[in-house]
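**Student:** Residue numbers (the working numbering): 65 to 543.
No residue lacks a Cβ here, since even glycine has one placed at the ideal position from N, Cα and C.
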Amino acid sequence: MTTVAECLPLARKACDYLTASPDPYHAVNNAATKLRVAGFECLQARKPFAGKMRPGGKYYYTQDDTAIVAFTIGTQLDVDRPYGFKIIAGHTDSPNLRVKPRSKRTSAGECVQLAVECYGGGLWHTWFDRDLGVSGKVLVRNGSSIESKFVLIELPVARVSNLAIHLATADERAAFRVNKEDHLQPIIGTKSVLEEEAKEQLQDGWTEFQEPELLSLISAELGVEAKCIVDFDLCLFDMQPAAIAGIKSEFVHSGRLDNLATCFVSVEALLTHAESSLAGDTDISIVILFDHEEVGSGSTTGACSPIMSEAVRRISSALSPKSTEDFHSAILRQSFCLSIDMAHALHPNYSNKHEKGHAPELNKGIVIKTNRNQRYATSLISDHILREVARRESLTPPQAFVVRNDCGCGSTIGPTLAQNTGIRTVDAGMPQLSMHSCRETMGTMDLMNGLQLFLAFFNHFREVDNQLSEGYCCDIEQR
65 MTTVAECLPL ARKACDYLTA SPDPYHAVNN AATKLRVAGF ECLQARKPFA
115 GKMRPGGKYY YTQDDTAIVA FTIGTQLDVD RPYGFKIIAG HTDSPNLRVK
165 PRSKRTSAGE CVQLAVECYG GGLWHTWFDR DLGVSGKVLV RNGSSIESKF
215 VLIELPVARV SNLAIHLATA DERAAFRVNK EDHLQPIIGT KSVLEEEAKE
265 QLQDGWTEFQ EPELLSLISA ELGVEAKCIV DFDLCLFDMQ PAAIAGIKSE
315 FVHSGRLDNL ATCFVSVEAL LTHAESSLAG DTDISIVILF DHEEVGSGST
365 TGACSPIMSE AVRRISSALS PKSTEDFHSA ILRQSFCLSI DMAHALHPNY
415 SNKHEKGHAP ELNKGIVIKT NRNQRYATSL ISDHILREVA RRESLTPPQA
465 FVVRNDCGCG STIGPTLAQN TGIRTVDAGM PQLSMHSCRE TMGTMDLMNG
515 LQLFLAFFNH FREVDNQLSE GYCCDIEQR
């Protein structure tokens, strides 16, 4: 059995990734850097894939810098026979505060504030009294062209301050309620001569609505003139780095565990698979990380987009140029998707919130999530497949989660992907506490549990599926 000590090297790498990835742009860029260093070839998604790939190859491409597709092609893949895609799907976004298109905000008194919007369903009270940095993507004018630059300001430049207890009424103290428009606007400084100078320098149709101090901060970080900044997509993030915690180092505390822990582990699994298991692989192993799951996935980079179905079609068409529509449909039926998102661990202070027979615990393994009302995509067959690949590697058996009948159930990208592609899907994830908090908690050992299960999926899915398919067909014939 794996020990906490054996899991610490992986946990430290995870903490580095989490701290360096405060937004989807950096999450994808850091993943792409890992892949590139490991010898994965970057494909240009705007150009045809025909002639660009071969069995034994390793590839990746990105979509709008916040979604990424990375895959390996088994050396034993037969391009003339239907093969399968072994898919791990996750998402790169997390609830946070995002700077509004017009960042300037009229404030009372001498404080300078940013205008921000709540992204996703965060536990917003956890964002108070945090030291907040700024990160994201900036468009910069360079002569006649527009360049994209990632910005990461690792300074505590913003803060959402609580109201002093002496100024709160008894009712306000008894039941803290956040007005998201009025109470979550961060303070970034006080009015100064610098601001007045910036106002004189930056007057056009866009900059006049931006907070001058913010533009000055970005321009200094990027080494460009403030007047060259054309637009931005910026997030606020908690400056406290990810940490290994607990008396025996059994926990990881970090922002964005939902769902960057999945992003990290899935990419690590693909890298390990590419290094050790391509020689005997007859299929395609692929990781797809989407954006915008926290707000419904309805975007060009979300799970409602054609990213996954397009990836399967484009890759298979490039490998098998003579393939027909029927050939492509057979590939879909040979494929399988792990929809991986974090799961709710049993909270010792709120144990009544879990259904008694389905209460996953930290450091006890991956959780399979089931909902008969199709809030999760798990089915009889997909549940069995994931449990069987774990059994074949003698791994910690997956835990089970079902929401209580008197409680609403969240959802994932799983049902959307299954509906859009017809690919069999199971919803699973690593257990955690404080989901959607500014700072969350998971088990150190569950990072390793996730890595081992994802590798088992890449290595054993085909044999498990073949065995299952043969038995199923025989059963139908007997009827």
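Using C-beta distances below 8 Å, list every residue in its chain close to Leu-515, excluding the 5 sequence neighbours before and after it, in chain order.
**Tutor:** Only Leu-74, Val-329, Glu-332, Ala-333, Thr-336 meet the Cβ criterion.
**Student:** With H, G and I counted as helix, E and B as strand and the rest as coil, what does DSSP make of Asp-529?
**Tutor:** The answer is helix: DSSP assigns Asp-529 an H, G or I state.
**Student:** Could you tell me whether the Cβ atoms of Leu-426 and His-418 are closer together than 8 Å?
**Tutor:** Not in contact: Leu-426 and His-418 (Cβ atoms no closer than 8 Å).
**Student:** Can you tell me whether Val-176 is buried or exposed? The criterion is at least 16 other CB atoms within 10 Å of its CB, across all chains shown.
**Tutor:** That one is buried.
**Student:** If I'm right that Glu-314 touches Met-509 with Cβ under 8 Å, what's the distance once you round it to whole angstroms?
**Tutor:** Contact flag correct, Cβ pair sits at about 7 Å.
**Student:** At which residues does the beta strand (DSSP E) containing Gln-127 begin and terminate?
**Tutor:** Here the beta strand (DSSP E) through Gln-127 covers 122-127.
**Student:** In whole angstroms, what is the alpha-carbon distance linking Asp-529 and Ile-449?
**Tutor:** Going from the Cα of Asp-529 to the Cα of Ile-449 covers about 7 Å.
**Student:** Among Phe-113, Ile-432, Lys-213, Leu-459, which has the Cα closest to the Cα of Thr-476?
**Tutor:** Here the closest residue by C-alpha is Ile-432.
**Student:** Going by beta-carbon coordinates alone, are Ala-492 and Pro-462 separated by less than 8 Å?
**Tutor:** Contact: yes.
**Student:** Quick check: the Cα distance between Lys-428 and Val-204, rounded to an integer number of angstroms?
**Tutor:** Going by the C-alpha atoms only, they are around 47 Å apart.
**Student:** Classify Glu-181 as buried or exposed, calling it buried when 16 or more other Cβ atoms lie within 10 Å of its own Cβ.
**Tutor:** Its Cβ having fewer than 16 others within 10 Å, Glu-181 is exposed.
**Student:** How big is the Cα-Cα spacing for Ile-404 and Tyr-123?
**Tutor:** Rounded to the nearest angstrom, the two C-alpha atoms are 21 Å apart.
**Student:** Tell me which same chain residues have a C-beta within less than 7 Å of the C-beta of Tyr-89, skipping the five on either side of it?
**Tutor:** Excluding positions up to five away in sequence, the list reads Asp-129, Thr-130, Gly-200, Lys-201, Phe-214.
**Student:** Mind reading off the beta-carbon distance from Pro-495 to Ala-407? Whole number of angstroms is fine, and I expect it under 8 Å.
**Tutor:** So it is a contact: roughly 5 Å between Cβ atoms.
**Student:** Taking all protein chains shown into account, do 16 or more other C-beta atoms lie within 10 angstroms of the C-beta of Gln-531, making it buried, or fewer, making it exposed?
**Tutor:** It counts as exposed.
**Student:** What distance in whole Å lies between the Cβ atoms of Thr-190 and Ser-501, which are believed to be in contact at a cut-off of 8 Å?
**Tutor:** Indeed, because the Cβ distance is near 4 Å, the residues count as touching under 8 Å.
**Student:** Please name the residue, chosen from Ala-91, Gly-115, Val-288, Gly-138, that lies closest to Ser-349 on a Cα-to-Cα basis.
**Tutor:** Out of Ala-91, Gly-115, Val-288, Gly-138, Gly-138 has the C-alpha closest to the C-alpha of Ser-349.
**Student:** If I'm right that Asn-323 touches Gly-154 with Cβ under 8 Å, what's the distance once you round it to whole angstroms?
**Tutor:** That pair is a contact at about 5 Å.
**Student:** Assign Ala-78 to buried or exposed, taking buried as 16 or more other Cβ atoms, counted over all protein chains shown, within 10 Å of its Cβ.
**Tutor:** Result: buried.
**Student:** State the DSSP-derived secondary structure class of Thr-336, mapped to helix, strand or coil.
**Tutor:** Residue state, collapsed to three classes: helix.
**Student:** Could you tell me the alpha carbon to alpha carbon distance between Arg-118 and Pro-412, rounded to whole angstroms?
**Tutor:** Those two C-alpha atoms are separated by around 51 Å.
**Student:** Report the CB separation of Thr-489 from Asp-355 in whole angstroms; it is logged as a contact under 8 Å.
**Tutor:** Actually they do not touch by this definition, with Cβ atoms about 19 Å apart.
**Student:** Buried or exposed, going by whether 16 or more other CB atoms sit within 10 Å of the CB of Gln-542?
**Tutor:** Only weak support exists for where Gln-542 lies, its pLDDT of 48 falling under 50; the value from the coordinates is given anyway. That one is exposed.
**Student:** Alpha carbon to alpha carbon, how far is Arg-166 from Ser-280? Give it in angstroms, no decimals.
**Tutor:** Cα to Cα, the separation comes out at about 15 Å.
**Student:** I need the straight-line Cα distance from Gly-319 to Arg-503, nearest angstrom please.
**Tutor:** Going from the Cα of Gly-319 to the Cα of Arg-503 covers about 4 Å.
**Student:** Identify the residues that DSSP records as bridge partners of Ile-449: which are they?
**Tutor:** Answer is none; Ile-449 lacks a bridge partner.
**Student:** Rounded to whole angstroms, what is the Cα-Cα separation between Gly-120 and Gln-140?
**Tutor:** If you take the alpha carbons of Gly-120 and Gln-140, they lie about 8 Å apart.
**Student:** Alpha carbons only, please: which of Pro-385, Ser-384, Ile-352 is nearest the one belonging to Gly-369?
**Tutor:** With the sequence shown as reference, residue 369 is identified as Ser, and Gly is not the correct amino acid for it. The shortest Cα separation from Ser-369 among Pro-385, Ser-384, Ile-352 belongs to Ile-352.
**Student:** Measuring straight from C-alpha to C-alpha, what distance separates Cys-71 and Lys-244?
**Tutor:** Their Cα atoms are separated by approximately 39 Å.
**Student:** Do you know whose CA, among Val-68, Asp-142, Met-512, lies nearest Thr-326's CA?
**Tutor:** Measuring from the Cα of Thr-326, the nearest candidate turns out to be Met-512.
**Student:** Within the present structure, is the beta-carbon of Phe-240 separated from the nearest heavy atom of the ligand FAD by less than 7 Å?
**Tutor:** Among the components modelled here there is no ligand, and therefore nothing to report on the ligand FAD.
**Student:** Go ahead and label Leu-383 buried or exposed: buried means 16 or more other beta carbons lie within 10 angstroms of its beta carbon, across all protein chains shown.
**Tutor:** Leu-383 should be labelled buried.
**Student:** According to DSSP, is Thr-434 helix, strand or coil?
**Tutor:** DSSP places Thr-434 in coil when its eight states are reduced to three.
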